[in-house]
Amino acid sequence: MIESYLRQSPLAHLALAAHGPGSGKPAGVHMAERPFPGLVNLRGPGDNANFHGAFKAAAGYDLPVEAGATAGSANTTALWLGPGEWLILDARGGPKSGPRIAESLRAALAGISAAVTDISESRACIRISGAKARAVLQKGCPLDFHPRHFAQGQCAQSVLARAAILLHMTPDETAADGPAFDVYVARSFAEYTWRWLEDAAREFGVARGER
Amino acid sequence: MTQSFRLPEGGLIDRDRRLGFRFDGRDYMGYAGDTLAAALLANGVHLVGRSFKYHRTRGILSAGAEEPNALIQLGEGARSEPNLRATQIELIDGLEARSQNRWPSLSFDIGAFNNALSRVLPSGFYYKTFMWPASFWMKYEYVIRHAAGLGEAPRGRDPDHYDKTFAHCDVLVVGGGPAGLAAALAAGRAGARVILAEQDSDLGGSLLGTNGTTIDGQPAAQWIAAARAELAAMDQVTVLTRTLAYGYFDHNFIAMVERVTDHLGEKPGHLPRQRLWKLRAKQVVLATGAIERPLVFADNDRPGIMLADACRTYVNRYAVRSGNKAVVFTNNDGGYTAALDMAAAGVNVRAVVDLRANPEGPATERAEAQGLHIMPGSAVVGTSGEKRVKQVRVGRVDPGSGRALAVSETLDCDILAMSGGWSPALHLFSQSRGKVVFDEALGAFVPGDPAQGAHSAGACNGAFGLADCLAQGHAAGRDAAKDAGCKPGRDGARAPEAENHGFLPAQWAWEVPSDKPPGRGGKAFVDFQNDVTANDLRLALREGYHSIEHVKRYTTTGMGTDQGKTSNVNAIGIVAKTMGREIPEVGVTTFRPPYTPVTFGIFAGRDVDGLLDPVRKTPIHSWHEQAGAAFEDVGQWKRPWYFPKPGETMHQAVNREVKAARDSLGIMDATTLGKIDIQGKDTAEFLNRVYTNAWSKLAVGRCRYGLMLNEAGMVIDDGVTARLGENHYLMTTTTGNAAPVLAQLEEFLQTEWPDMEVFVTSVTEQFATVTIAGPNAKPLLRELAADLDLSTEALPHMAIAPGRVAGIDARIARISFTGEMSYEINVPASCGLALWHALMTAGAKYDITPYGTEAMHVLRAEKGFIIVGQETDGSVTPIDLGMDWIVSKKKDFIGKRALSRPDMLKPDRKQLVGLLSENPEEVLPEGAQLVERVLPKPPMPMIGHVSSSYHSPNLGRSIALAMIKGGQARMGQTVLAPLADGTTVTCKVVSPVFLDPEGTRLND
Amino acid sequence: MLVIPCPHCGPRGEIEFSYGGQAHIARPKDPEKVSDAEWADYVFLRDNTKGVFLERWCHVHGCRRWFNVARNTVTYEILAAYDAGAKPPKLDYETQV
Amino acid sequence: MTCPEKEGWGTAFEMMPRYSIFSLIRNALSYHEGWPRAWRSPEPKSSYDAIIVGGGGHGLATAYYLAKNHGMTNIAVVERGWIGGGNTGRNTTIVRSNYLWDESAALYEHALKLWEGLSQDLNFNVMFSQRGVLNLAHNQHDLRELSRRINANRLNGVDSEFLSPQEIKALVPIMDLRANGRYPVLGASIQRRGGTARHDAVAWGYARAADALGVDIIQQCPVTGFQVEDGQVRAVETAKGTIQARKVGIVTAGHSSVMAGMAGFRLPVQSLPLQALVSEPIKPVLDTVIMSGAVHAYVSQSDKGELVIGAGVDSYIGYGQRGSLPVTEQTLGAICELFPMFRRMRMLRQWGGIVDVCPDASPILSKTPVGGMYINCGWGTGGFKATPGSGWAFAHTVAKDEPHPLNAAFSLDRFRTGYLIDEHGAAAVAH
Ligand SMILES: Cc1cc2nc3c(=O)[nH]c(=O)nc-3n(C[C@H](O)[C@H](O)[C@H](O)COP(=O)(O)OP(=O)(O)OC[C@H]3O[C@@H](n4cnc5c(N)ncnc54)[C@H](O)[C@@H]3O)c2cc1C
Ligand SMILES: NC(=O)c1ccc[n+]([C@@H]2O[C@H](COP(=O)([O-])OP(=O)(O)OC[C@H]3O[C@@H](n4cnc5c(N)ncnc54)[C@H](O)[C@@H]3O)[C@@H](O)[C@H]2O)c1
Ligand SMILES: Cc1cc2nc3c(=O)[nH]c(=O)nc-3n(C[C@H](O)[C@H](O)[C@H](O)COP(=O)(O)O)c2cc1C
Ligand SMILES: [Zn+2]
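Residue numbers (my numbering), protein chains in the order written: chain A, 416 to 626; chain B, 58 to 1061; chain C, 541 to 637; chain D, -14 to 416.
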């Protein structure tokens, strides 16, 4: 009965219509909400070959084991969150994608001491890109965003101002006019984080909507 | 007014950009590139302020950050700013500046009466008086407070905004003088990520104040330009001018403040006024230069008495003569450079008074060659001139006694330029915990071994020759890059070359020999801003304040806005001499951030107003807003407190909401409750350990209430946990404790019980939770969840089931915090608003009524349910709450052992009870204290306090919960609540369950 | 702001971490068997070392793992970081304070 | 000026003349050359009846009251550095007594009464300024706690009133009561008898008065160990040699655990960095003390004109006497929100102290497992206000070998029995 148009993405109420940076100059930063990603938290014995094997059998790729590393297939990406903890991500998402991933993983990992939790609904995803994206994130986040330290495809959990975030520097976008980051933040912090980033980006010119 | 002291040519100012400004109501002109101090001097203005204590007339002493005297109030109203150093204010068109600490005017100041009284106002006088009569102190204090302070606080909300940012680099270079530039070039060429921070508007440091200096064969200005261009071309290098490195913290963390728009006439709205840089540097090169010291002699504080190097800077950088007739007073060779540059600029240099009996050194020789009048072995022993120095008295120093002899000469002048040697600016080095050591030859403290990844170079490292500065800077930059892990570059191999001239030889005299006994004659100031004289220092020592830290605090030397940049070393020298100790024995006072004062606003940055702290909102928030809800802050969440209808008071609204939930149907947004998903085969055992009650037998699909304690046995949280599957549970926590509880569970799992197979994940935000409560809850749910069997057999009280509500996947728990039949419906967060709408629409026939936290509090209080943090305060056990029934005797759990400590078993512990006031209309104030007997006056022994108190519309009277000593044994007794307004409320101790003690309302 | 070397994520800024006090304090196996005094010691008594101190940190805004750190409480220098449950590394505990 | 060494600085014992406006004028005539030392700097004797370790306010007050109230004059205060150089010399000087629990209220109120006559008692103006202390409430929970405390205070005989937002505005016009909705000011408690005092003067005044009663104040003399025989303390080892002592009182705040370690026992205390800062001085704009526990910001304006601002603790043990930048950011962020016009003010200096925090945020004034040894510590972030009361009660404890009723509850033993005086739990702020 519930129509998908009744679903409210975390930032839907801000009615974020696309708009340009104003004053005619090019935007240093683009910002957009990416609604309804599929997100599944996976916990399991990082030192257990069966676990890794079972995951690979289901997902088609190996779980990343290095700090901040990601791996993936056409369908999903696995982000390393910590020893024995990953986020399985379907960025294209859609309302059912989280539960679907969770279900298939649960089936694949049956009998292994692992935990699969759909958390798609609990995060908002804000994409921030453009020549000044790094400078904007740097205002609130203590990580080093220099390309030598934060490369495409990499992920990290940290803080942005007063919100806890998961950052993913997306690999798919070519850095024609700067890098692109997906900022995952708890749903109830979404509005705060959006406003904070928009404010931080103001001096560089912000355009809403993806490039 | 004309700029009559402006030289016709030269300087680094932009003569094409004339700027008008106003000082104390008069209009003046200056040029772009001027500081306010330079522009004032160009207009012949020396008198710019009054000192802190004696309100003595004060002029401009220096040309930089060390300025103690020329403190200015800038701007008007909300943009007004006190205590700015005129020597660092960049001139902009239309600048409004005022002198401060004077009334009614700078030239006629009532406060100057203090100067007349100064004999009875030595250091620390206030500790010795104002004690009689005792009750008068507040009156004395009023006068003292109004006499003190310097400028005035801005008035009104600051209209500007501030920003902050983190940053990282391989090498931070602080200071853009020759040493810093050489360091940045060397590090940059080695491929390092470099940040160069310079507080000034331009690079060049002290080179900007020189004339005729060459580096690598080019004029200094050209060399600076080339360095600037080369740095700009390296994309790994960031040059930040107008950026002060103000603090050096642990682990090579440096705080800097960038002035972004202060110097702009038009301030672009999109730019912050200032920006805080929180920089992590792998290595730091400190190239912060040195600060010239004044000389300490009688009446050394008059306007027109300036640092020699400052006079030189005004001539060379700003093309300003500080005066017409100058006397130079020095104890080192460096002072002659200033004399020469002034003379070259057309100043009549009457004499160079040199403390040294045999003046020597390259600059001295040049001065001799130029025919300057040199007075060797002489001292300035006094000055005169009220608003500007007019005359100096010079006496010869008797080599035998070290005293100055009678005045040998009186010289007319309008400038007295003094040089007492140089102090390396090792503030940041010392802040980094590096130890400073005293260098006898330099007569100054210099950096010892660094405590962090810091390299000092140039004048701040005791190198005063230009060639040495460049060489040290180059080496420091190269080494820092290497230490930061960069490969040394080829082309960085050579240091820039120049000639070496220091300021030695010198002869140190921390206090200039005088022709009068100490304390007689004029005041010999050490700290100009705080009016501390050499005699004040001696007084402190005489009175037993021997430690330099005591001397500082007793006399306030070095405690002004300049933090003693020009005075501290002289003070230490005088203390050492007076006590007959060596300077290193006396030691320095602690260097603390900031190097120069920094604006509060940068620490807030953009985290102000709406961005101060995250406001957490539920997915249904927008509905509440539209419905006109009043909100309550619970942690960072905004929760609807009550939903007033037009014209309703809070009381009326809450009554209506409470009644609706009991009589028909209430609806509440419970999304903020913490939710923790727990999986793994050991979960039941885990819950056994973290909750006071037993969990092994909870069936799938059932829920149970639990209490959590800390290891001290005190209640810290409560909530309902449901078993969703064989090894799958959903725990709920209070709103405020969601994060701490999750953190604690994770901590126990990782550190105490790593072998348990349990995984906890926060799902607070995954679900929107809506509670419907009241007799019509079931009919409504039945309508919207047709597939679900809601019979008590299928879904009894404390059961949970999956299902679809209004077409939305949901988990439905039949649990109740109100005592009514009620359901908690969890749906995906993005569907929360849709669910709410569906329930509101379908519930209209039952007059469905949204209720807020206040109604919820009343409803639960009617049932005697506690709220953690309201009935509990960290000192309450489950037994105190009468909840023994939930405390397992059989198993261990967190906090159990603590419950058997002697003080936990005492009968007079505070216990939870209900209270009924004698007058049913009277609602006890929450927080009222309870006594057995009211005494005529305090102290009155208290037996407890009211923790919750409401009007209960269902009971038609007031009710309260209280924590009372031995409360359970007091049932039926009377206790009294004496209130702040003097009245006393009589109340009866009753059971805390006021309504439906059998729980029949939970059933159909 | 300190740099805390998370054994899993590498060096990160202090604001990503929470502090957990002294390391290597085990909860008594059988609390009922210990005396009131021993229980009080377990709950309330921690070393408060001036010098090199073994302490716990949690990378709350990172990998969420608890781990141990050897830190000089005077200079704030960090000498080592190691997994929770592991033995402390051999260190010169006499380093000057 | 004669050479101080010849004068024998720190050896002669002279009569202490009284301080007054008349002595000031008289001395002005002789160019202030006649002032005697405020206290001597003697070499330690070989033995004392009691040694107080730690020359902070609490240690010096203890010595003063030992001499004054208990007639013990053969005593010494042994201080590692310079007196008052610990937390006494680096705190935000807030004095109040409006604590929630009866035990705390009694002790702090006793202190406050002593403050009220302290300048006269010591003949040293400690500039105790009863300008009132406000504690702000920002949400319903705060309001409830405030009301509970105000009521408890009044019944304990401690002055305490509730102020509505309008009344706050009248008293502190420069405060933004809306604080942009995030930290709106919904009310406050005020203790009008509370205020501030001149921190250094407290140490110096006690030192001078104790010295006048014969107490030896020995500075630059770190205690390095204790001699304990048969469970009884015998002597104190110091940088200036071993000194026999019948009794020893330890009053070393941030270093209490280190001292206890030397004596062979442990304390439930953590030493944490606490920072403070001052602005540049300005003409008076703030006539009361403002405290907000919720946002960890405390501000008053000193008589000299600077805004004195206190912050929260760093979470980790630290003997470094310095705080970290994130705490400064948080504190000044809160101050700027409450006082938007202060955004343009500037920080002049920041520093840190080492505060000794107990699990229940209440102090320990107690006997110890070592005979003849007593401990006074755990004052954490809020002991300056207690200085006179603490010294007074601790002197009793040391002299009589048993606690005074005022400090009986503040025993080391409470952690075993569970009788905590939990000022943390009660959400009372402790500055
Ligand atoms: C930033 C800050 C703000 C504060 N704000 C307030 C406030 O507003 N109001 C309030 O009431 N309280 C406040 N406090 C707390 C208050 O300062 C302290 O509780 C109080 O001053 C403690 O006094 P004390 O005499 O016990 O300790 P201290 O003054 O620290 O004295 C202890 C002395 O022991 C000495 N010592 C240490 N080791 C040895 C040794 N081995 N041998 C000899 N001597 C030794 C130390 O050198 C020191 O002088 C604040 C504290 C800080 C740091
Ligand atoms: N008469 C003499 O003998 C004498 C005395 C002193 C200096 N000097 C000359 O001065 C030069 C010294 O060169 P140098 O490079 O060592 O010093 P410098 O004074 O030329 O440069 C230091 C620079 O650091 C900046 N600075 C200081 N503290 C800062 C901070 N906290 N943040 C940001 N910037 C800060 C200053 O504004 C200045 O520009 C040499 O040319 C030397 O010969 C000569
Ligand atoms: C209430 C109070 C007011 C202070 N006011 C000033 C001041 O006006 N100027 C100043 O330089 N320092 C001031 N200080 C700070 C001291 O200079 C010093 O930093 C502090 O006592 C800590 O000592 P330390 O920095 O030497 O470690 C003040 C300190 C306190 C406690
Ligand atoms: Zn980590």
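Glycine is no exception: its CB is placed at the ideal position from the N, C-alpha and C atoms.
Fill in: Listed by chain order, chain C residues near D:Val254 by CB distance under 7 Å
By one-based count along the fourth sequence, residue 254 of chain D stands at place 269. The answer, in chain order, is Asn588.
Practice prompt. Name, please, each residue of chain B whose Cβ falls closer than 7 Å to the Cβ of D:Trp67.
Written response: Working through the fourth sequence from its first residue, we reach residue 67 of chain D at position 82. In chain order: Ser604, Glu606, His607.
Practice prompt. Check whether the Cβ of B:Thr345 lies closer than 7 Å to any heavy atom of ligand 2, and answer yes or no.
Written response: For the purposes of this step, residue 345 of chain B is taken as the residue at position 288 of the second sequence. Yes - ligand 2 has a heavy atom lying nearer than 7 Å to the Cβ of B:Thr345.
Item to complete: Using DSSP bridges, identify the partner residues of C:Cys598.
Response: Translated into the one-based positions of the third sequence, residue 598 of chain C becomes position 58. Per DSSP, C:Ser558, C:Trp606.
Item to complete: Classify B:Phe193 as buried or exposed, calling it buried when 16 or more other Cβ atoms lie within 10 Å of its own Cβ.
Response: Translated into the one-based positions of the second sequence, residue 193 of chain B becomes position 136. The residue in question, B:Phe193, is exposed, as its Cβ has fewer than 16 Cβ neighbours within 10 Å.
Worksheet item: Any idea if D:Arg65 is buried or exposed, counting beta-carbon neighbours within 10 angstroms, 16 or more meaning buried?
Response: Taking the fourth sequence and counting its residues from 1, the one referred to as residue 65 of chain D is at position 80. Per the 10 Å Cβ criterion, buried.
Worksheet entry | Straight-line gap, C:Ala621 to C:Asn608 (C-alpha atoms, nearest Å) | The sequence position of residue 621 of chain C within the third sequence is 81, counting from 1. The sequence position of residue 608 of chain C within the third sequence is 68, counting from 1. Straight-line Cα distance between these residues: approximately 6 Å.
Worksheet item: Can a CB atom of chain C be found closer than 8 Å to the CB of B:Lys953?
Response: Start at 1 with the first residue of the second sequence, and residue 953 of chain B comes out as number 896. Yes, B:Lys953 counts as interfacial toward chain C.
Practice prompt. Kindly examine ligand 2 and report whether one of its heavy atoms sits closer than 7 Å to the Cβ of B:Glu809.
Written response: Numbered from its first residue, the second sequence carries residue 809 of chain B at position 752. No - ligand 2 has no heavy atom lying nearer than 7 Å to the Cβ of B:Glu809.
Worksheet item: When DSSP builds the beta bridges, which residues end up paired with B:Leu333?
Response: Taking the second sequence and counting its residues from 1, the one referred to as residue 333 of chain B is at position 276. Looking at the DSSP assignment, B:Leu333 forms a beta bridge with B:Lys221, B:Val314.
Item to complete: Evaluate B:Ala901 with the Cβ neighbour count: other Cβ atoms within 10 Å of its Cβ, from every protein chain shown; 16 or more gives buried, anything less gives exposed.
Response: Position 844 of the second sequence, counted from the start, is the residue given in the question as residue 901 of chain B. Counting Cβ neighbours within 10 Å, B:Ala901 comes out exposed, since fewer than 16 surround it.
Practice prompt. Report yes or no: do the stretch 1015 to 1027 of chain B and the stretch 928 to 941 of chain B share at least 3 C-beta pairs separated by less than 8 Å?
Written response: yes
Worksheet item: In terms of alpha-carbon separation, which member of C:His601, C:Leu619, C:Arg605, C:Tyr582 lies closest to C:Leu594?
Response: Your numbering for residue 594 of chain C matches position 54 in the third sequence. Comparing C-alpha distances from C:Leu594 to each of C:His601, C:Leu619, C:Arg605, C:Tyr582 shows the shortest one belongs to C:Leu619.
Item to complete: Report the three-state DSSP secondary structure of D:Pro373 (helix, strand or coil).
Response: Taking the first residue of the fourth sequence as position 1, residue 373 of chain D is located at position 388. DSSP places D:Pro373 in helix when its eight states are reduced to three.
Discussion item. Taking 8 Å as the cut-off, does the stretch 473 to 488 of chain A touch the stretch 573 to 581 of chain A (at least 3 CB pairs, one atom from each stretch)?
Written reply: no
Worksheet item: Would B:Asp81 pass as a contact of B:Ser156 if the rule is Cβ separation under 8 Å?
Response: Along the second sequence, read from residue 1 onward, the residue named residue 81 of chain B stands at position 24. Along the second sequence, read from residue 1 onward, the residue named residue 156 of chain B stands at position 99. B:Asp81 is a Cβ neighbour of B:Ser156, given a cutoff of 8 Å.
Discussion item. Assuming D:Ile202 and D:Asn361 are in contact, meaning their beta carbons sit under 8 Å apart, how far apart are those beta carbons, in whole angstroms?
Written reply: For the purposes of this step, residue 202 of chain D is taken as the residue at position 217 of the fourth sequence. For the purposes of this step, residue 361 of chain D is taken as the residue at position 376 of the fourth sequence. The pair is not a contact, with the Cβ atoms about 17 Å apart (cut-off 8 Å).
Worksheet item: Which bits of chain C does A:Gln553 rub up against, with CB to CB less than 7 Å?
Response: Here residue 553 of chain A is taken as the residue at index 138 of the first sequence, counted from 1. The contacting residues do not exist; A:Gln553 stays about 12 Å from chain C at best.
Discussion item. Below 8 Å, how does it come out for the stretch 805 to 822 of chain B and the stretch 762 to 778 of chain B: are there three or more Cβ pairs, yes or no?
Written reply: Not touching, per the Cβ criterion.
Worksheet entry | Short CB-CB distance (under 8 Å) between D:Glu28 and chain B | Position 43 of the fourth sequence, counted from the start, is the residue given in the question as residue 28 of chain D. Chain B has no Cβ within less than 8 Å of the Cβ of D:Glu28.
Item to complete: Answer yes if the stretch 468 to 487 of chain B comes into contact with the stretch 378 to 396 of chain B, meaning at least three C-beta pairs across the two stretches below 8 Å, and no otherwise.
Response: Contact between the stretch 378 to 396 of chain B and the stretch 468 to 487 of chain B is present, because at least three Cβ pairs lie under 8 Å.
Worksheet item: Is it the case that the CB of B:Asn140 approaches a heavy atom of ligand 3 more closely than 7 Å?
Response: Here residue 140 of chain B refers to the residue found at position 83 when the second sequence is read from its first residue. It does not: the Cβ of B:Asn140 is nowhere closer than 7 Å to a heavy atom of ligand 3.
Worksheet item: Does the Cβ-Cβ distance between D:Ala194 and D:Ser114 come in under 8 Å?
Response: Here residue 194 of chain D refers to the residue found at position 209 of the fourth sequence. Here residue 114 of chain D refers to the residue found at position 129 of the fourth sequence. No, Cβ-Cβ distance for D:Ala194 and D:Ser114 is not below 8 Å.
Worksheet item: Taking Cβ-Cβ distances shorter than 8 Å, what residues in chain D pair up with C:Phe584?
Response: Stepping through the third sequence from its first residue, residue 584 of chain C is reached at position 44. Among the residues of chain D, those whose CB is under 8 Å from the CB of C:Phe584 are Pro253, Pro344, Phe400, following chain order.
Fill in: B:Gly361, buried or exposed, once every other Cβ within 10 Å from all chains shown has been counted against 16
Counting from 1 along the second sequence, the entry for residue 361 of chain B is found at position 304. It is buried - the Cβ of B:Gly361 has at least 16 other Cβ atoms within 10 Å.
Fill in: Chain-ordered neighbours of A:Ser537 on chain B, where CB pairs are closer than 9 Å
On the first sequence, residue 537 of chain A is found 122 positions in, with the first residue counted as 1. The contacting residues are Ser819, Val820, Thr821, Glu822, Gln823, Phe824, Ala886.
Fill in: Exposure of B:Trp189, with buried meaning 16 or more beta-carbon neighbours within 10 Å
Residue mapping note: residue 189 of chain B aligns to position 132 of the second sequence, counting from 1. With fewer than 16 Cβ atoms within 10 Å of its Cβ, B:Trp189 is classed as exposed.
Worksheet item: Measuring CB to CB, does A:Leu552 end up less than 8 Å from A:Ile541?
Response: Position 137 of the first sequence, counted from the start, is the residue given in the question as residue 552 of chain A. Position 126 of the first sequence, counted from the start, is the residue given in the question as residue 541 of chain A. Taking 8 Å as the Cβ cut-off, A:Leu552 and A:Ile541 do not qualify as a contacting pair.
Fill in: Burial state of D:Val111 (16 or more Cβ within 10 Å)
Looking up residue 111 of chain D in the fourth sequence gives position 126. D:Val111 is buried by the Cβ-count criterion.
Item to complete: Quick one: which residues of the stretch 671 to 688 of chain B get their C-beta closer than 9 Å to a C-beta of chain A? List them in chain order.
Response: Pro671, Val672, Arg673, Lys674, Thr675, Pro676, His678, Ser679
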